[in-house]
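In the numbering used here, the protein residues as written are 5 to 189.
Quick reminder that beta carbons are idealized off the backbone N, C-alpha and C, glycines included.
Fair warning: this is a prediction, and the values are worked out from it, not measured in the lab.
Okay, so here's the structure we're looking at.
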């Protein structure tokens, strides 16, 4: 299946063109989005760092890593709320203030890209706040991270049209990842 850390720029051009063509012709499936009430429930839960971590992991497994509850199928949001309400998720010790400060120190030293790469390697692209990470993973990062490498140069994106689409209509991120999964990418 599609890796949740798949970058849009890594998708083959032919696949991107096929997705955009189907989008333009209106032949992509219609996605029923979550109601305002469901969105509010997830918003409230996300204020708790542990619940937010559970949401992130659930989305990695069930929504190709898309975390925006306003842009993924309502059924996915409902399933999470059902499982969370039933206590189906294991208790997780979240990063302490001390661990968080150690990551921040790495970032301030100019090595924030290492934290970003670590987060990405765990399938979490947008949750860079170390307070919102389990303590064991933050410790793992800190153990692996003596800040010694210079920051690599950024490469310009090559799929601007798709990025504009995904930015203008976040629902398409879910559908694009589903499309990639169907294509075996």
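query, result
"How many Å lie between residue 80 and residue 56 at the Cα?", "15 Å"
"Counting only runs that start and end within the region 13-76, where is the alpha helix (DSSP H) found for 4 or more residues in a row?", "17-29, 40-50 and 53-66"
"Grab the span of the alpha helix (DSSP H) containing residue 89 for me, first residue to last.", "78-89"
"Cβ atoms of residue 101 and residue 174: under 8 Å apart, would you say?", "no"
"Taking only three categories from DSSP, how would you classify residue 134?", "helix"
"So, are the CB atoms of residue 32 and residue 78 less than 8 Å apart?", "no"
"Could you please give the first and the last residue of the uninterrupted alpha helix (DSSP H) stretch that includes residue 94?", "Neither: residue 94 is in no alpha helix (DSSP H) and is coded neither H nor E."
"Could you give the first and the last residue of the continuous alpha helix (DSSP H) run that contains residue 187?", "Unbroken run through residue 187: none, as it is neither H nor E."
"Compare the beta carbon distance of residue 128 and residue 134 with 8 Å and say whether it is the shorter of the two.", "no"
"By the three-class DSSP mapping on this structure, what secondary structure does residue 107 have?", "helix"
"Between residue 15 and residue 180, what straight-line distance do the alpha-carbon atoms span, to the nearest angstrom?", "10 Å"
"Is the region 79-95 touching the region 43-51, taking contact as three or more C-beta pairs under 8 Å?", "yes"
"Mind reading off the beta-carbon distance from residue 27 to residue 169? Whole number of angstroms is fine, and I expect it under 8 Å.", "7 Å"
"As a quick exercise: from 145, 139 and 98, pick the residue whose alpha carbon is nearest that of residue 111.", "145"
"Rank 58, 11 and 82 by C-alpha distance to the C-alpha of residue 44 and give the top, closest one.", "82"
"Judging by CA-CA distance, which residue of 137, 73, 25 and 67 is the nearest neighbour of residue 40?", "73"
"If you measure between the beta carbons of residue 84 and residue 59, is that distance less than 8 Å?", "yes"
"Which residues in the same chain have their Cβ closer than 8 Å to the Cβ of residue 130, if we skip the five residues on either side of it in sequence?", "71"
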